[in-house]
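>
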Amino acid sequence: MKAQFKYKQKLILSAMTAILASGLSASVLAADDFPSKPIQLIVAFGAGGSTDTMARIFAKYAEEELGQRIVVVNRPGAGGELGWVHLANAAPDGYTLGLINSPVVEVYPFTREGTVGYSLDDIRPLANIITDPGVLAVATDSPYQTLESFVTAVEEDPRSVVVSHEGIGGDDHLAALNFAKEADIDLNFVSYSGNAEATAALLGGHITAFEGNMSEVVNQIKEGKVRGLAVWSNERIDAISAVPTGKEQGYDVLAAASRGFAVPADIPQPVYDILLSVTREVVENPEFLAEMEQLNMPVNPIYGQDYVDFIHESHDRLKAFGTKSLGLSSDLTR
Numbered sequence: 030m031k032a033q034f035k036y037k038q039k040l041i042l043s044a045m046t047a048i049l050a051s052g053l054s055a056s057v058l059a060a061d062d063f064p065s066k067p068i069q070l071i072v073a074f075g076a077g078g079s080t081d082t083m084a085r086i087f088a089k090y091a092e093e094e095l096g097q098r099i100v101v102v103n104r105p106g107a108g109g110e111l112g113w114v115h116l117a118n119a120a121p122d123g124y125t126l127g128l129i130n131s132p133v134v135e136v137y138p139f140t141r142e143g144t145v146g147y148s149l150d151d152i153r154p155l156a157n158i159i160t161d162p163g164v165l166a167v168a169t170d171s172p173y174q175t176l177e178s179f180v181t182a183v184e185e186d187p188r189s190v191v192v193s194h195e196g197i198g199g200d201d202h203l204a205a206l207n208f209a210k211e212a213d214i215d216l217n218f219v220s221y222s223g224n225a226e227a228t229a230a231l232l233g234g235h236i237t238a239f240e241g242n243m244s245e246v247v248n249q250i251k252e253g254k255v256r257g258l259a260v261w262s263n264e265r266i267d268a269i270s271a272v273p274t275g276k277e278q279g280y281d282v283l284a285a286a287s288r289g290f291a292v293p294a295d296i297p298q299p300v301y302d303i304l305l306s307v308t309r310e311v312v313e314n315p316e317f318l319a320e321m322e323q324l325n326m327p328v329n330p331i332y333g334q335d336y337v338d339f340i341h342e343s344h345d346r347l348k349a350f351g352t353k354s355l356g357l358s359s360d361l362t363r
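In terms of the working numbering, the sequence shown opens at residue 30 and continues consecutively.
Have a look at this one:
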């Protein structure tokens, strides 16, 4: 695998040499020995979460391909905004990568317009890696055995049913809003800093239901501590095959957290191509895939321009709902 990548890299660099000989801007010259030093990978959330875990596993395999260290740097704050601002402002030389979380990264530029420190034009998406479907779940001692009984309880007394999410505009919040829209109900929300905290609140009886990602609650479902009422995907998920989809139960809801990588917008194309080639090598590595499967993180690669289009189309669809309603269109995730 490493030899294969080095061969690809040699082809890229040979092409660059020819281009430079014909007089292309010297800004590309820095790519001819890339990478010549460690690369920083920014994670916009705290250590130990699913986003951070995926980033560190990816870095382990990617640095084998690159022949340089990849240093994971956690820059949490403002729901991911601080880390993405740092990414947007970094030198566009390939030595700073960032892990971006969709749909959150698309939402902030219009929900925080005038105050947010980055725009989508400041970053260039590289590749999506994981698409982690949303799940609505309750504790196993909950009186709600089905999604329909949950909806009935909300209709009878909305304030008595409390649902968690990880922050306004996040994928959990958007999923719950879309479900509420489909069911024509009003949900009583409480925000937590992470799904681990929300799961603890659910098991402690402090909230009625958990809205989060499948990978965050799959073990509790398997252990019988939590009951999944719905998974917001087109088909049932093998890891929690007993949990029906929302569509099966009459609610046309699709929701997921997509996790991928981006770079500063003005990165030289040859450097971008090298990083993209490395990413493909990692995602095709059976050992990486096995680690993702063990963590119940569904791998869903979207590369290069397809990922750029995915992020920008997602932004446009979300913005069409406006900052007040913030619904989630049924075709948002893939």
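The beta carbon of each residue, even a glycine, is placed where N, CA and C say it ideally should be.
Source: prediction; values computed, not measured.
Nearest to residue 141 by alpha carbon, out of 125, 309, 168, 107?
The shortest Cα separation from residue 141 among 125, 309, 168, 107 belongs to 107.
> Name the residue from 320, 303, 342 whose alpha carbon lies nearest to the alpha carbon of residue 64.
Of 320, 303, 342, the residue nearest in Cα terms is 303.
> Quick check: residue 94 and residue 307, are their CB atoms within less than 9 Å of each other?
Result yes, Cβ atoms of residue 94 and residue 307 sit closer than 9 Å.
> Ignoring anything shorter than 4 residues or poking outside the stretch 79 to 155, list the alpha helix (DSSP H) runs there in chain order.
Correct list: 79 to 95, 110 to 118, 133 to 140.
> Looking only at its chain, what residues have a beta carbon closer than 6 Å to the beta carbon of residue 293, apart from the 5 residues adjacent to it on each side?
The residues are 119, 121.
> For a quick check, are the C-beta atoms of residue 239 and residue 180 less than 9 Å apart?
Result no, Cβ atoms of residue 239 and residue 180 do not sit closer than 9 Å.
> I'd like the span of the beta strand (DSSP E) that includes residue 293, first residue to last.
Note, residue 293: beta strand (DSSP E), 285 to 293.
> Could you have a look at residue 260 and say whether DSSP puts it in helix, strand or coil?
Looking at residue 260 - three-state DSSP - the assignment turns out to be strand.
> Expressed to the nearest angstrom, what Euclidean distance is found between the alpha-carbon atoms of residue 259 and residue 111?
If you take the alpha carbons of residue 259 and residue 111, they lie about 32 Å apart.
> Assuming residue 179 is part of the alpha helix (DSSP H), what are its boundary residues?
Here the alpha helix (DSSP H) through residue 179 covers 176 to 185.
> Starting from residue 71 and walking both ways along the beta strand (DSSP E), at which residues does that stretch end?
68 to 72 is the span of the beta strand (DSSP E), which, as asked, contains residue 71.
> Would you please state the rounded distance, in angstroms, between the beta carbons of residue 154 and residue 289? I believe it to be under 8 Å.
About 6 Å; that satisfies the 8 Å criterion.
> Between residue 267 and residue 322, what straight-line distance do the alpha-carbon atoms span, to the nearest angstrom?
Each residue's Cα considered, the two are about 11 Å apart.
> Since residue 203 and residue 284 should fall inside the 8 Å C-beta cutoff, what is the C-beta to C-beta distance between them, to a whole number of angstroms?
Right, their Cβ atoms sit about 6 Å apart.
> Among 80, 102, 276, 172, which has the Cα closest to the Cα of residue 287?
It is 80.
> With a 10 Å radius around its C-beta and 16 neighbouring C-beta atoms as the bar for buried, classify residue 189 as buried or exposed.
By the neighbour-count rule (16 or more Cβ atoms within 10 Å), residue 189 is not buried but exposed.
> Suppose the cutoff is 7 Å on Cβ atoms and the five residues either side in sequence are ignored; what does the same chain contact list for residue 249 look like?
Hits under 7 Å: 228, 255.
> Nearest-angstrom Cα distance between residue 251 and residue 324?
Their backbone Cα atoms lie some 13 Å apart in a straight line.
> Counting C-beta neighbours from all protein chains within 10 Å, is the total for residue 343 16 or more, i.e. buried, or is it exposed?
Result: buried.
> Please identify the residue among 146, 282, 277 whose C-alpha is closest to the C-alpha of residue 211.
The option with the nearest alpha carbon to residue 211 is 282.
> Consult DSSP for residue 275 and reduce its assignment to one of helix, strand or coil.
Coil at residue 275, not helix or strand.
> Could you give the first and the last residue of the continuous alpha helix (DSSP H) run that contains residue 299?
Note, residue 299: alpha helix (DSSP H), 298 to 312.
> Just grab the DSSP bridge partners of residue 218 for me.
DSSP lists 192 as partners of residue 218.
> How many angstroms separate the CA atom of residue 224 from the CA atom of residue 310?
So the two alpha carbons sit approximately 30 Å from each other.
> Closer than 8 Å by C-beta to residue 353: which residues in its own chain qualify, once you throw out the five before and the five after it? Chain order, please.
Caution applies to residue 353, whose pLDDT of 47 falls short of 50 and renders its modelled position unreliable; the model cannot decide the point.
> Can you look up residue 349 in the DSSP assignment and give me helix, strand or coil?
DSSP places residue 349 in helix when its eight states are reduced to three.
> Run through DSSP, which three-state label would residue 240 get?
Strand at residue 240.
> Report back the beta-carbon spacing between residue 317 and residue 157 to the nearest angstrom; my notes put them in contact at under 8 Å.
Not quite, the Cβ-Cβ distance comes to about 15 Å (not below 8 Å), so this is no contact.
> With a threshold of 8 Å on Cβ separation, who are the neighbours of residue 205 within its own chain once the five nearest residues in sequence on each side are excluded?
So the qualifying residues of the chain are 165, 192, 194, 216, 218, 240.
> Run the CB neighbour count on residue 135, radius 10 Å, all protein chains shown included, and call it buried at 16 or more, exposed below.
Per the 10 Å Cβ criterion, buried.
> By Cβ distance below 7 Å, which residues in the same chain neighbour residue 291 in space, the five residues on each side in sequence not counted?
Same-chain partners within the cutoff: 116, 127, 129, 152, 153, 154, 155.
> If residue 101 sits next to residue 88, beta carbons under 8 Å apart, how far is it from one beta carbon to the other, in whole angstroms?
Correct: roughly 6 Å between the Cβ atoms.
> Opposite residue 332 in the DSSP bridges: which residues?
DSSP lists 156 as partners of residue 332.
> Buried or exposed: residue 271, going by 16 or more other Cβ atoms within 10 Å of its Cβ?
It counts as exposed.
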